[in-house]
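Notes to accompany the following structure.
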Amino acid sequence: MPSEYRLILKYADQPGYTPDMECYLRHGGYESLRKAMALPPKTLPDGKTISAAEQLRDEVRISGLRGRGGAGFSCGLKWSFVDRKSGKPIYLICNADESEPGTFKDKQIIYKDPHQMIEGMIIACYANDVHLAYIYIRGEFVEGAKLLERALREARARNFLGRNILASGYDLDIWLHRGAGAYICGEETGLIESLEGKRAYPRIKPPYFPAVLGLYMCPTIVNNVETLCAVKHIIAMGGAEYAKLGTPNNTGTRIVSISGHVKRLGYYEVEVGKVTIRQLINDPEFGGGLREGRKLKALIPGGSSAKVFKAGEKFKVKRKGPDGKDTEQEIDMLDLPYDFDSLIAAGSMSGSGAIIVLDDSTDIVEALSNIAEFYAHESCGQCTPCREGSLWMAKALHRLTHGQGRKADADYLVKIADNIPGGRTICAFGEACAWPVQSFVGKFKEEFVAKGAGDDRGRKQEMSRLNMNGGLNSPERLVTQK
Ligand SMILES: Cc1cc2nc3c(=O)[nH]c(=O)nc-3n(C[C@H](O)[C@H](O)[C@H](O)COP(=O)(O)O)c2cc1C
Ligand code: SF4
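Using my numbering, you'd call the opening residue of the sequence shown number 131 and step up by one each time.
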């Protein structure tokens with residue numbers, strides 16, 4: 131039976147473990163930074179010398195680390211895109227916005243082990259020749275912001291930040307910036323605009339790839355809290371060792387937030403791909419199973435933007451047989467390994483690592499309406515398909531959940547959703563608002579049609595009742611209206 135593998139959360143929930151510097155140091159804190167800064171330049175057999183920073187970047191590349199913020203993009207590759215020849219300063223931003231509904235992993239790190247995140251950031255900055263970095267934290271995380279401010283002060287006092295860090299000749303400072311609490315501020319280019327003091331309107335890519343034209347039009351690295359914590363462990367154990375955790379192309383550990391209709395809601399750190407969705411939901415160490423007497427109806431595997439899975443859905447996957455050859459097998463959705471690639475192959479994604487479980491008590495139309503309302507509220511409004519489409523979908527779902535739907539609403543919803551993504555919008559919010567609608571309606575169409583048809587019938591009955599009473603302007607109706 132698989133169990134948690136606590137690497138990032140190793141100490142976070144241990145009794146007596148506190149978020150202050152002294153406690154962190156007692157548990158080996160800042161040793162990875164010392165190791166990174168003590169690295170001498172390395173001379174290769176061909177006589178070429180590589181700097182400590184290059185060696186650190188190599189370790190991250192070898193580790194196979196993929197971003198934990200949502201897209202699962204290779205961290206090493208992202209760092210390799212940074213324009214190091216522009217002559218402009220390079221910035222690093224830690225994305226602590228954690229705005230994807232269902233996700234509550236970064237805040238555990240921030241509240242319980244903030245120095246780990248800061249150490250990861252300093253190493254990432256040192257590796258990328260960054261001298262000024264930012265933490266962009268969601269405005270509602272008031273306590274988290276206070277803890278991080280304190281941790282930054284403690285790090286400055288110990289010369290882990292500031293001038294000539296640990297006598298290395300390297301200077302770095304990190305500033306904390308509190309956002310105002312908008313989903314779009316988590317999107318990296320919207321975040322950058324917000325950090326510059328403007329409205330968080332995402333920028334169009336190309337040309338505004340942060341690695342080239344980011345903060346103040348300078349090369350910028352944006353990484354998630356958990357990604358930067360992983361960097362600390364990669365340097366501690368070496369990239370190749372880290373790559374042994376998890377599964378090929380899906381290395382390391384991941385913190386999964388589990389919410390919805392399971393007995394043990396919470397966050398669990400696991401090796402990527404070593405645990406199936408079934409185990410995450412049912413095992414006593416993880417979700418602990420569904421509530422008594424309930425059956426699974428659906429599951430959102432990677433935060434509210436991810437396409438929903440229907441209970442009983444089957445997927446064809448390639449598995450290695452005993453002879454080492456790939457064979458195609460049909461497996462239940464629940465038996466998908468929880469990793470980046472398997473979930474993408476199954477048409478969804480592990481996104482921000484947030485599983486939302488829906489049992490058979492769920493009104494699927496209500497659930498989607500709730501999600502759609504969120505997206506309609508959070509669209510920044512720059513792109514017409516997203517601004518109008520998200521609103522039209524929310525309105526159609528509102529009427530379906532308020533007895534005023536139409537049988538044709540199911541097709542109407544999909545038609546709108548199909549016209550939002552696919553390069554029609556500036557940022558991936560377009561996909562994020564369309565995917566839930568496409569998948570919920572696509573997989574549970576009968577529920578949407580039944581609701582709409584019921585409302586159609588109700589309207590017809592009302593009309594015929596009014597007609598029998600002499601029509602809309604009949605004296606009876608006017609009397610009853612009074
Ligand atoms: C609408 C939207 C919201 C996002 N919200 C977050 C967020 O809250 N936190 C986060 O780390 N990434 C978020 N992302 C992803 C970021 O744009 C970016 O890819 C990520 O911070 C990169 O970090 P990583 O490479 O370490 O994953 C969001 C993306 C979109 C499109
Ligand atoms: S896709 Fe939506 S959220 Fe993204 S820039 Fe366009 S309108 Fe704004």
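Every residue gets a Cβ at the ideal spot worked out from N, C-alpha and C, and that includes glycine.
First through last residue of the alpha helix (DSSP H) which encompasses residue i
i, result
"ASN412", "407-412"
"SER389", "Element bounds for SER389: not the alpha helix (DSSP H) but the beta strand (DSSP E), 383-390."
"LEU222", "Note, LEU222: premise wrong, no alpha helix (DSSP H); beta strand (DSSP E) at 221-226."
"LYS573", "559-573"
"ALA254", "244-257"
"ILE192", "182-193"
"LEU325", "318-325"
Cβ neighbour criterion (16 or more within 10 Å) applied to residue i
i, result
"ALA334", "The amino acid occupying residue 334 in the given sequence is Ile; Ala does not appear at that position. Exposed, by the Cβ-count rule."
"ILE180", "exposed"
"GLN246", "buried"
"LYS165", "exposed"
"GLY553", "exposed"
"THR383", "buried"
"SER482", "buried"
"ASN597", "exposed"
"VAL386", "buried"
"PRO171", "exposed"
"GLY454", "exposed"
"THR406", "buried"
"ARG587", "exposed"
"HIS391", "buried"
"VAL190", "buried"
"CYS557", "buried"
"HIS532", "exposed"
"LYS612", "With a pLDDT of only 44 at LYS612, under the threshold of 50, the placement of this residue in the model should not be trusted; the figure read from the coordinates follows. With fewer than 16 other Cβ atoms within 10 Å, it is exposed."
"VAL260", "buried"
"HIS363", "buried"
"ARG198", "buried"
"LYS237", "buried"
"LEU174", "exposed"
"ARG650", "The structure shown has nothing for residue 650, since the chain only spans 131 to 612."
Limits of the unbroken beta strand (DSSP E) element including residue i
i, result
"LYS206", "Looking at the sequence itself, residue 206 is Gly, so the reference to Lys does not match. Where GLY206 is concerned, there is no enclosing beta strand (DSSP E), although the alpha helix (DSSP H) it sits in stretches over 205-210."
"HIS363", "Not the beta strand (DSSP E): HIS363 falls in the alpha helix (DSSP H), residues 355-367."
"ALA302", "In the sequence on display, residue 302 carries Leu and not Ala. Element bounds for LEU302: n/a, residue is neither H nor E."
"LEU262", "262-267"
"LYS449", "The amino acid at residue 449 is misidentified as Lys; the sequence shows Arg. From DSSP, the beta strand (DSSP E) with ARG449 extends over 444-450."
"ALA297", "Counting along the chain, ALA297 falls outside any beta strand (DSSP E), and DSSP gives it neither H nor E."
"ILE430", "426-430"
Residue i in three-state terms, based on DSSP
i, result
"LEU395", "coil"
"LEU282", "helix"
"LEU375", "coil"
"ASN597", "helix"
"LEU277", "helix"
"LYS455", "coil"
"LEU174", "coil"
"ARG196", "strand"
"ARG214", "coil"
"ARG288", "coil"
"ARG308", "strand"
"GLN611", "Summary for GLN611: the model assigns pLDDT 48, below 50, so the residue's position carries little reliability, and this model does not support an answer."
"PHE234", "coil"
"GLU401", "strand"
"LEU345", "helix"
"PHE416", "coil"
"GLU270", "coil"
"VAL579", "helix"
Jot down the residue ranges of each uninterrupted beta strand (DSSP E) in the segment 463-543, minimum 3 residues, whole runs only, in chain order.
Listed in chain order, they are 484-489.
How about the segment 226-236 and the segment 427-439: do they share at least three Cβ pairs that are nearer than 8 Å?
With contact defined as three or more Cβ pairs closer than 8 Å, the segment 226-236 and the segment 427-439 are in contact.
For the segment 203-222 against the segment 348-365, are there 3 or more C-beta pairs whose distance is under 8 Å?
Contact between the segment 203-222 and the segment 348-365 is present, because at least three Cβ pairs lie under 8 Å.
Let me know the alpha helix (DSSP H) ranges lying completely inside the segment 142-168, each 4 residues or longer, listed in chain order.
Complete alpha helix (DSSP H) runs here, min 4: 151-156, 161-168.
Check whether the segment 289-306 and the segment 323-340 are in contact - that is, three or more C-beta pairs closer than 8 Å.
Under the three-pair Cβ rule at 8 Å, the segment 289-306 does not count as touching the segment 323-340.
For the pair the segment 317-327 and the segment 262-270, tell me if three or more CB-CB distances fall below 8 Å.
Contact check between the segment 317-327 and the segment 262-270: three or more CB pairs, one atom from each, fall below 8 Å, which counts as touching.
So, do the segment 374-383 and the segment 453-472 have three or more beta carbon pairs nearer to each other than 8 Å?
The segment 374-383 vs the segment 453-472: in contact.
The segment 409-424 touching the segment 512-524, judged by at least three CB pairs closer than 8 Å:
No, they do not touch.
Quick check: the segment 396-414 against the segment 545-552, are at least 3 beta-carbon pairs closer than 8 Å?
No: fewer than three Cβ pairs fall under 8 Å.
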